[in-house]
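Quick mapping for you: the protein sequence lines, in order, are chains A and B.
Under numbering that gives the first Met the number 0, the letters of the first sequence match residues 0 to 379, in that order.
Under numbering that gives the first Met the number 0, the letters of the second sequence match residues 0 to 668, in that order.
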Amino acid sequence: MSELQAEGAVATPAEPSYLKIEGLWKAFGDFIALREVSLDIARGEFICFLGPSGCGKTTLLRAIAGLDPQSRGTIRQGGRDISELPASQRDYGIVFQSYALFPNLTVERNIAFGLENTKRPKAEIAARVRELLALVGLPDQAKKYPAQLSGGQQQRIALARAIAINPGLLLLDEPLSALDAKVRVHLRHEIKELQRKLGVTTIMVTHDQEEALSMADRIVVMNHGVIEQIGTPTEIYRHPATLFVADFIGETNRIATTYSGGAVKLGDATLQTRETGLADGAAVTVAVRPEDVLPHAIGHEAATKPNHLPVRIVDMEFLGSYWRTHLASAALGGTPLVANFSMNAVRRLGLSAGAEMTVELPAERVLVFPQGDTRGGAHG
Amino acid sequence: MAEAAALPAGRTTRLKIDSDGWIKRAFMGVIALYLVAALALPLYAMLSKSFVTYGFDLSRYEFQVSDESGTVWGDPVTAAALNEALGKFAPEDLRSSSDGRLSAPDLFPDFSFRSPVKYRIRGTSDNAPYLVGLDLQNSTEWRELDSNTFRRVNLRPVTTTGLQNYQEYFSNPVLFSSIENSLFIASVSTVLTVLFAFGFAYAINRSCMPFKGAFRLIAMMPILVPSLLPGIALIYMFGNQGFLKGLLFGQTIYGPLGIVIGSVFFTFPHALIIISTALSISDQRQYEAAESLRASKWRTFWTVTIPGARYGLISAAFVTFTLVITDFGLPKVIGGQYNVLAIDIYKQVIGQQNFEMGAVVSVVLLIPAIVAFIVDRQVQKKQVSLLSARSVPYQPKPNRRFDMTMLAWCATMGVFIAGIIAVCQFAALINYWPYDLSFSLRNYDFNRMDGGGWAAYWNSLELAALTAVIGTAIIFTGAYMVEKIDGFKTGRAVFQFLAMLPMAIPGMVLGLAYIFFFNNPANPFHFIYGTMAILVVSTVTHFYTVGHLTALTALKQIDAEFEPVATSLRQPFWRLFARVTVPVCLPAILDISIYMFVNAMTTVSAVVFLYSTHTALASVAVLNMDDAGDIAPAAAMGMMIFYTNATARILHAFASRRILSRTQAWRVR
């Protein structure tokens, strides 16, 4: 429980928000892409817009950038109403998935593009470019053309170009999606470091949950043009507000059943759950993450304890750091249960396919969502 | 979940327009205005002109005649009644042109200018113009005149709008036969050109014959000369004093035969480019599949090659058809008595000054051109979808017999094309064909002939240079606005339509439309009539579409996110345009400019109506010298155009390579 509380510490901004979005709607013809979106972002925060494609996350970013204005609603940045300002009068730097580096200009000319034409002395611009190149770890590449750099290097140049003008807001539109897996993980870390160093308020759009979980201070999960949940990565993961969030971030075992007196029936077994506030007899969907199915002991002796289930191991897949285990239980009827067992647990208990065992589903990890409505539910 | 909910009530947010937005809109407005003034309005003027007829409306005039004392007046009588009683003018006599005159005393058989009888005349409607001497009258007040003055009273025609011109056109068998002739010539030329060009393209893409590069160069030569030049060569070869006249077995080259041969010559490169592109994108794997299925060569040709190239063939056919049916220079030079539509426009306008009938023929000529244009656009769209990045290009394998057959075919076409140019060169250098065959440069002494002299050549050069520079700037900027401006959708769609329209408008039609529009003294742009400016405007407009499409293709390949990035860096759009867009598109820009230059040098059709004595052009001079019988100097002037365009092409290739290597270092990794 102490762990839960630490995770639950909500990072709601104490100071007045830097970016305040209120009642934002966006329609493309008959299609509603954003539906009453409201959001507060604190100065210096790293925010991720996360969701499947078509959920409205890019639409929201483009509205903030003034590239595609919202249909209704207001956006305030640093206390200034920017709802109707054209992109050129807003204050942000932007990085796209395609890098959008100017192919005919060298790396230093690319970075200097926003600095020239501002009556700054040449020497100052050159110094600033050198500083930025060092900042993104590419001090020797100034004279090269973008096509001569790797994808990861190009994206770092694009980043340097965007922050060259010291924008109040940094917008990243799927910046890592075009890169291969290893480079992506590396750059994730670098971008996060850079953001922390500069303290620039940052919004990143992504459909990659791992990216969002590892980089963001807070995540905005979106689906069908509405915000499903806003919270820290652990909040989102541990206390998903909706079944959609639970499903989209991480994996879940889902079982349909009814709720009654702080517990749900699973076949013969009864599972205590978190406090839900639901009425007795409500139809619900129970969701349990594979890593929350805890291996308790070999054999069925312990299965009489509350929240313990007797199961049989159908199949085990070795995935490096853990075993993905398919379980069958008479208590669950035909519904299979997927569990992730650590190497240590498997070795300690001597688990193998075909074995009979007991697993524990801790009450505080059993998520309950009312059926037919993905909103509301068991947020603790 | 996405419940069907609508936006809450309220005003839809609109971004304020920044200075960039205003500048972009202003730019696009200016170029759109250019297209409206240089294209839409002239065409409208021409179209409305084709419905205008002039005629004398006798019911609008009333006369009174006095007795010999000049004091006792008879009853007022309308001119129509007088004419009916007299049977003087039949209805067709009452048709007229804009400056027709009908003598009023003709309605009075007893009229004598010495008689003391007096006459009164008045209009019975608001518009009843008549002349007393040189004074134009238009009034319903009686005007009293003595006999001697009445002698000089002329009725003036009034305009009516309607379909009479069209009725007249379609009931005139001579004019109507031009439609048949035009369709016949265009169809035969199209079949031949597409067939020949397909063989040539097939040889270049699908065989291992030698000298492919040389053949490609030769095949492109006709683009560098005016379309009427092959006519001159054909006259030298097969004309009345032609050295190969015997080969015709008594047939005459002046007529359909000459037009078809010349048309094949000048349309060949256009068809070749299209078909060659279609053949070059075919997929090796289809042929390997056919071979593995043991299909015969013949079967493979009909089931793989032809279907793969079908869009190219259709497109080439329509382009060729349009080029031939709208061409004016060639039938003018070698058509003899054989009338085609483009010639009719010229004859009606220049020969008979019947502008209204010229407009009618123009509208008729517009129909096949627009149909061809629409079909071609549809086909082009499908062609693009055939391209796939994963296709494996076809690699021909050597096959001695096949390669030699292909070589023989290309050599035949090569001799034909190079031969035509060589004959012109020969004609230009011969002192006096066929009596004095010694060489001299006498025929290049253009100042001794009518047609504009050397000044015409320099004018052409000026026109070509101005067209290349101004045209490219307008076209590229316009294409940039269409492709890269955000919002403003309707405006951009209208602009795009206007930019595509010139391709469907034959040059003759455009030229005539310009007369109607710019020669109108009420037009604020009237001052450019008869100047170099109108020639530049008409040429830029005439060749607008191909340049526009080239620019669009280049711009589409540029990352759409450059603009938002530059905006976020708080840079004005023109800085991105100058520093990035233009440099990246430089190859395409150079292509547009050379295209404009070459076409400005060779075009005849639009400018033939628009040049004045001090803006005579080389291409028009070729036409006029040929008309005057100075065929050798005409050939010499044609060759001047050829040298110029060839030099421009070489310089262009050279400059492209230099600029590419200097400013496009980023292209190489």
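Ideal Cβ placement from N, Cα and C applies to all residues, glycine included.
All values derive from a computational prediction rather than experimental measurement.
Where residue i meets chain A, residues with beta-carbon distance less than 9 Å
i	result
LYS199/B	For the sequence presented, residue 199/B should be read as Phe rather than Lys. Ordered by position in chain A, no residue passes the 9 Å Cβ test against PHE199/B, which lies about 37 Å from the chain.
ASP375/B	Chain A residues near ASP375/B: none, gap ~32 Å exceeds 9 Å.
Rounded C-alpha distance that separates residue i from residue j
i	j	result
GLU250/A	GLN194/A	29 Å
ARG100/B	LEU154/B	6 Å
THR373/A	ALA86/A	Since pLDDT at THR373/A reaches only 46, below the 50 mark, its modelled position is unreliable, and no value is offered.
ILE593/B	LEU194/B	28 Å
ARG142/B	LEU32/B	48 Å
TYR236/A	ALA245/A	7 Å
ARG288/A	ALA577/B	56 Å
PHE425/B	GLU107/A	59 Å
LEU329/B	LEU227/B	4 Å
VAL283/A	THR334/A	15 Å
ALA286/A	PHE572/B	52 Å
GLY379/A	HIS238/A	The predicted position of GLY379/A is uncertain, since its pLDDT is 32 and thus under 50; a value taken from the coordinates is nonetheless stated next. Cα to Cα, the separation comes out at about 7 Å.
GLY298/A	ALA278/A	36 Å
GLN166/B	VAL362/B	13 Å
GLU210/A	GLY72/A	29 Å
LYS422/A	THR566/B	Lying outside 0 to 379, the shown extent of chain A, residue 422/A is not represented and no answer is given.
THR257/A	ALA354/A	30 Å
Residue i in three-state terms, based on DSSP
i	result
TRP457/B	helix
PHE30/A	strand
GLY307/B	helix
VAL468/B	helix
HIS185/A	helix
GLY379/A	The predicted model places GLY379/A with a pLDDT of 32, which falls under 50 and marks its position as unreliable, so this point remains unresolved.
ALA286/A	strand
ASP485/B	coil
LYS244/B	helix
THR272/A	coil
GLU363/A	helix
CYS207/B	coil
ASP375/B	helix
PRO501/B	helix
VAL539/B	helix
ILE557/B	coil
ILE342/B	helix
PHE317/A	strand
PRO229/B	helix
ASP39/A	strand
CB-CB length for residue i against residue j, believed under 8 Å
i	j	result
SER439/B	ASN430/B	5 Å
SER146/B	ARG113/B	7 Å
ALA455/B	LEU616/B	6 Å
VAL313/A	ALA327/A	5 Å
Contact list for residue i against chain B, beta-carbon separation under 9 Å
i	result
ILE164/A	SER567, LEU568, ARG569
PHE95/A	ASP558, GLU560, PRO563, VAL564
PHE112/A	VAL564, ALA565, LEU568, GLN570, ARG574, LEU575, ARG578, VAL579
Cross-chain neighbours of residue i in chain B, by beta carbon under 8 Å
i	result
GLY77/A	By Cβ distance, chain B contributes nothing, its closest Cβ being about 16 Å from GLY77/A, past 8 Å.
GLY92/A	SER567, LEU568
TRP322/A	Chain B residues near TRP322/A: none, gap ~36 Å exceeds 8 Å.
Residue i Cβ short of 6 Å to the ligand NAD heavy atom set
i	result
ALA631/B	Here there are no bound small molecules, and the ligand NAD is not part of this structure.
Under 8 Å from the C-beta of residue i: neighbouring residues of chain A
i	result
THR12/B	PRO68, GLN69, SER70, ARG71, GLY72, SER82, GLU83
GLY20/B	PRO85
GLY9/B	ARG71
LEU227/B	Going along chain A, no residue has its Cβ under 8 Å from LEU227/B, so there is no contact; the nearest lies around 43 Å.
Contacts that residue i makes with chain A (C-beta to C-beta distance below 7 Å)
i	result
ASP17/B	PRO85, SER87, GLN88
PRO582/B	ASN103
ARG574/B	ASN116
Contact set between residue i and chain B, taken where Cβ atoms lie within less than 7 Å
i	result
ALA245/A	Near ALA245/A there are no residues of chain B at all, since even the closest Cβ is about 16 Å away, more than 7 Å.
(request) Report the residue ranges of all beta strand (DSSP E) runs contained in full by the stretch 0 to 82 of chain B; include only those spanning at least 3 residues, in chain order. (result) For the stretch 0 to 82 of chain B, whole beta strand (DSSP E) runs of length 3 or above, ordered along the chain, are 51 to 54, 60 to 64.
(request) Let me know the alpha helix (DSSP H) ranges lying completely inside the stretch 134 to 189 of chain A, each 4 residues or longer, listed in chain order. (result) For the stretch 134 to 189 of chain A, whole alpha helix (DSSP H) runs of length 4 or above, ordered along the chain, are 150 to 162.
(message) Quick check on the DSSP output: what are the complete alpha helix (DSSP H) runs of length 4 or more inside the stretch 560 to 601 of chain B, in order along the chain?
(response) List check, alpha helix (DSSP H) in window: 561 to 567, 572 to 575, 585 to 601.
(request) Please specify which runs of the beta strand (DSSP E), each continuous and at least 3 residues long, are wholly inside the stretch 402 to 433 of chain B, giving them in chain order. (result) DSSP runs (the beta strand (DSSP E)) wholly in the stretch 402 to 433 of chain B: 429 to 431.
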